[in-house]
Amino acid sequence: MPKIKTRRSAAKRFEVTGTGKFRRRRQNLRHILTKKNAKRRMRLGQSAIVDSTNEKAVSRMLPYA
Numbered sequence: 001m002p003k004i005k006t007r008r009s010a011a012k013r014f015e016v017t018g019t020g021k022f023r024r025r026r027q028n029l030r031h032i033l034t035k036k037n038a039k040r041r042m043r044l045g046q047s048a049i050v051d052s053t054n055e056k057a058v059s060r061m062l063p064y065a
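Going by full-length UniProt numbering, the sequence shown opens with residue 1, and the numbers climb by one from there.
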């Protein structure tokens, strides 16, 4: 059997935590930031864990993660 290819776009967007979950960046922090308050911008800067409903899809995209 040939090796399964990794989706390179997903490999750049997600990283695996020590417990095997996937970490991702939050959205809404690229532009139009003036109307967002400092508390919201700081919260958006922190990483988040991929939801359980999407974990299976992400793990398929990253077969060797």
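Quick reminder that beta carbons are idealized off the backbone N, C-alpha and C, glycines included.
Query	Result
Within the stretch 12-56, ranges of the beta strand (DSSP E) (whole runs, at least 3 residues)	22-24
Reference R60; option with closest CA among F22, M1, L44	F22
Cβ-Cβ separation, R24 to V50 (assumed contact under 8 Å), whole Å	5 Å
Pairwise C-alpha distance: E15 and R53	Residue identity check: residue 53 is Thr in the sequence provided, not Arg. Near 17 Å, if we compare the C-alpha coordinates of E15 and T53.
Cβ-Cβ distance between R26 and A48 below 7 Å	yes
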